[in-house]
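Read the structure below first, then the notes.
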Amino acid sequence: MSYFFYIIFFITLFVKAELNAQPQRFMVKLVPFSSGINDEFSPVFYKGGIVFCSNQSDNSLVRYNDKQNRLFKIFYVSKKGITGWDRPKILAKEITTAFNDGPVTFSENGNIIYYSRNNSIENSLRNISDTSNKLGIYSAELIDGKWTNIKSFTYNNPLYSFCTPALAPDRERIYFSSDIPGGNGGMDLYYCDKRNNDWDQPVNLGPVINTPKNESFPFASKYDKLFFASDGHKGFGGKDLFYTQEINGKWIPPVHLDSAINSTADDFGLVSDSTFENGYFSTNRRKTDDIFSFSSAPIEFTDCDTIKENNYCFTFYDEQQRLIDTIPVIYQWDFGEGIIRIGVEVKHCFSGPGDYSVKLSIIDELTGTAIAEQVEYKVKLESAEQAYINSCNVGIVNESISFDGIKTNLKNFRITDYLWNFGEGFEHGGPLMSTTFKKKGDYTIKLGLLAEKDSLDIVPKICVMKKIRIYNGYQELELKGEPEEDKVIEKPDSVIKQNKTMQIRIYLMDDLSGRQKGKIEEALKESGKPAVKFDQYGIKPASFQFLDNITRVLKENPDIRLDIVLHSNEDEIPDNKMKISEKWAQELSFYFKNKEIDMNALRSKGLGLSHQIFEPFVPVGKTIDGEIEFIFMKN
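When you read off a place in the sequence shown, starting at 1, and then add 19, the result is the number in the numbering used here.
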């Protein structure tokens, strides 16, 4: 007998495009100092006005001069009244050459400038039209009103172009575009970090950002977004504007900006204020390069959804077991990856969404032979389709707590904007944000997402919310003793097939009464200094005594709540979207669920090495693979 049994577990969240959303996310307007005759592009803020480049009209990302040999220069225009502008003028003669100058970037105080220019500035007609005269990056200091100490960027090379520099707000990193060898093709984005008053080696942003075509015109915002132009990523045509963000050392896939800013023409060279409410960008949608301003309309979200946590842990059993209960048999469940479980009823946590095959063999215990054909169960798991806020559930007053929306899973919803509400209204941000709370209490965090306009010119939007609790302080409970030593596994097949030892930290939040703290201490002091251990099968039996003591605390004290947070050294499961710490968190949650713990009083999360609230976990040696925080609080 051979048959298939399908387990399909997924949560589909209906993604509502709020039909009362504004037709246009941004309002854009040509600035008065864009002539429509010459070219103006790459605006940056400077001393209450705008610095920009003018007089070039080629359409490539790296531009030298147009057919009339009109070279571009660095101009400054100041504000005149509330809405007016003065006449643009050359920024400074000291950094003006007979060739191409700009774009530029300034330090926060405006006293240091980095700018592009041709490397050779000898006044000869041959060099004006010579495309071998590559672009380089140069810097200068403003001293007594004059730009002095002009220096060549450490890595300038006469064979390659270095251009469109952008300083990070803290001046500790500079971004730029270059065609040096070793890139992904065309112009790539690079950065250098400051080291010993100079710049470290250039680092390519990698294939997630750089394409075989061109990426250039970076702008590093104060809220950690890196904006840039690309003609290699999917957009509306020509060069489009995108942003990315570096999270835990990795760049997120580029996010395409709103259709009011991007067009079928070339759009590039963006700058914005610290909130992304107002700014400027360059475009040739009017045939010449022009500078447009943009401003955003106030956005509100209603009917925010609550987060639905994914479940990948299940109990398997054979419904036909009663038909053969007179024969001593062994039920052998094969979950793949070398994981075999024995029993009429077994429990298993999968490694995230995907298609799985579970095989059941029923074996005669006396003869060792199969008494029936192998049964195969097909298991299909899908993650919830929803916006998602990832963070700790607790925080400390005046201590930074971080939030991210990286695990958002929305089909046919190409995100253009992340808006966060930490209690004072929605503000523009990125996939990763952090904030502090000044008072103890419960807070509702909201994440609003906007997508590209649909066929009706409506901007779809969706909102999700999450509740967290902020405390004034906490007490760490020290347990004495030493954890049981584990055997070393030699030559492991994969990361998750090793024995993994997690050190334990226990925190008692300040809303617990003295009686509640005493109950917790009394129950856990018998555990010694525990460590929770995992292998490819899940939680190791050596951990059960400590976890059962936790179970006893929760069962005997329904007024106590527990949050479990896992941090791990290595947090990637090969070829899987789920993190190791997330899988272990589900294992722990499933363990307590099977102990009949009220799951409204327990939450378990895996956060890798991010979102650390208490004493930061620092990987040391090879004996400890991570940390589990057991956080007790009033229910």
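Even glycine gets a Cβ: it sits at the ideal position worked out from N, Cα and C. From a predicted model like this one, the values you see are computed outputs, not experimental measurements.
Distance, residue j Cα to residue i Cα
{"i": "I199", "j": "D163", "result": "37 Å"}
{"i": "S61", "j": "L585", "result": "45 Å"}
{"i": "N155", "j": "N137", "result": "In the sequence as displayed, the identity of residue 155 is Gly instead of Asn. Computed Cα separation, rounded: 6 Å."}
{"i": "D58", "j": "I647", "result": "58 Å"}
{"i": "G557", "j": "F247", "result": "44 Å"}
{"i": "Y437", "j": "F611", "result": "35 Å"}
{"i": "G121", "j": "F181", "result": "11 Å"}
{"i": "S240", "j": "K653", "result": "40 Å"}
{"i": "S453", "j": "F354", "result": "40 Å"}
{"i": "E265", "j": "D243", "result": "8 Å"}
{"i": "F432", "j": "D324", "result": "16 Å"}
{"i": "L186", "j": "F172", "result": "13 Å"}
{"i": "F287", "j": "N267", "result": "27 Å"}
{"i": "F311", "j": "K48", "result": "5 Å"}
{"i": "C368", "j": "I487", "result": "27 Å"}
{"i": "S293", "j": "F195", "result": "21 Å"}
{"i": "T183", "j": "Q220", "result": "17 Å"}
{"i": "L224", "j": "S197", "result": "12 Å"}
{"i": "Y407", "j": "A279", "result": "26 Å"}
{"i": "I132", "j": "Y526", "result": "49 Å"}
Residues of its chain near residue i, where Cβ-Cβ distance is below 6 Å and the 5 sequence neighbours each way are ignored
{"i": "K574", "result": "none"}
{"i": "K213", "result": "E191"}
{"i": "K232", "result": "G205, D250, G251"}
{"i": "S623", "result": "I583, A604, L607, S608"}
{"i": "L80", "result": "Only weak support exists for where L80 lies, its pLDDT of 43 falling under 50; the value from the coordinates is given anyway. Taken in chain order, the residues that qualify are M206, N233, S235."}
{"i": "P273", "result": "H252, F261, T263"}
{"i": "L161", "result": "N130"}
{"i": "N409", "result": "D423, K426"}
Reduced DSSP secondary structure (H/G/I, E/B, other) of residue i
{"i": "V572", "result": "helix"}
{"i": "L110", "result": "coil"}
{"i": "D286", "result": "strand"}
{"i": "L628", "result": "coil"}
{"i": "D120", "result": "strand"}
{"i": "P272", "result": "coil"}
{"i": "Q220", "result": "coil"}
{"i": "Y441", "result": "For the record, residue 441 in the displayed sequence is Phe; it is not Tyr. If DSSP states are grouped into helix, strand and coil, F441 belongs with coil."}
{"i": "Q564", "result": "helix"}
{"i": "M46", "result": "strand"}
{"i": "M618", "result": "helix"}
{"i": "S314", "result": "strand"}
{"i": "S61", "result": "strand"}
{"i": "I650", "result": "strand"}
{"i": "S546", "result": "helix"}
{"i": "S293", "result": "coil"}
{"i": "K378", "result": "strand"}
{"i": "H252", "result": "coil"}
Enclosing alpha helix (DSSP H) for residue i [first to last residue]
{"i": "S608", "result": "599 to 613"}
{"i": "R622", "result": "Taken as a continuous stretch (DSSP letters only), R622 belongs to no alpha helix (DSSP H), being part of the beta strand (DSSP E) at 621 to 625."}
Host beta strand (DSSP E) of residue i (start-end)
{"i": "E540", "result": "First-last for E540: 533 to 543, but that is the alpha helix (DSSP H), not the beta strand (DSSP E)."}
{"i": "A248", "result": "245 to 249"}
{"i": "N138", "result": "That residue, N138, is in no beta strand (DSSP E); it is neither H nor E in DSSP."}
{"i": "K170", "result": "165 to 171"}
{"i": "K397", "result": "394 to 400"}
{"i": "G68", "result": "68 to 73"}
{"i": "M528", "result": "519 to 528"}
{"i": "Q555", "result": "That residue, Q555, is in no beta strand (DSSP E); it is neither H nor E in DSSP."}
{"i": "P200", "result": "Taken as a continuous stretch (DSSP letters only), P200 belongs to no beta strand (DSSP E), as it is neither H nor E."}
{"i": "T386", "result": "Element bounds for T386: n/a, residue is neither H nor E."}
{"i": "S235", "result": "234 to 239"}
{"i": "L496", "result": "493 to 496"}
{"i": "H182", "result": "The question names His, yet the displayed sequence has Cys at residue 182. Unbroken beta strand (DSSP E) run through C182: 181 to 186."}
Residues of its chain near residue i, where Cβ-Cβ distance is below 7 Å and the 5 sequence neighbours each way are ignored
{"i": "D644", "result": "K519, T520, M521, S587, N588"}
{"i": "P226", "result": "N203"}
Identity of the residues DSSP links to residue i by a beta bridge
{"i": "L451", "result": "D423"}
{"i": "T463", "result": "K486"}
{"i": "C211", "result": "I193"}
{"i": "R580", "result": "M652"}
{"i": "I132", "result": "F125, A159"}
{"i": "A470", "result": "I434"}
{"i": "F333", "result": "H367"}
{"i": "F261", "result": "F247, H275"}
{"i": "D353", "result": "I359, K378"}
Beta-carbon proximity list for residue i, same chain, < 8 Å, skipping 5 on both sides
{"i": "N667", "result": "Outside the displayed range of the chain (20 to 654) lies residue 667, so it cannot be described from this structure."}
{"i": "A620", "result": "L573, P577, I579, R580, L581, N654"}
{"i": "I109", "result": "K92, I93, F94, Y95, T115"}
Check: residue i C-beta below 7 Å from any heavy atom of the ligand NAP
{"i": "L607", "result": "The ligand content of the structure shown is nil, which means the ligand NAP is not present either."}
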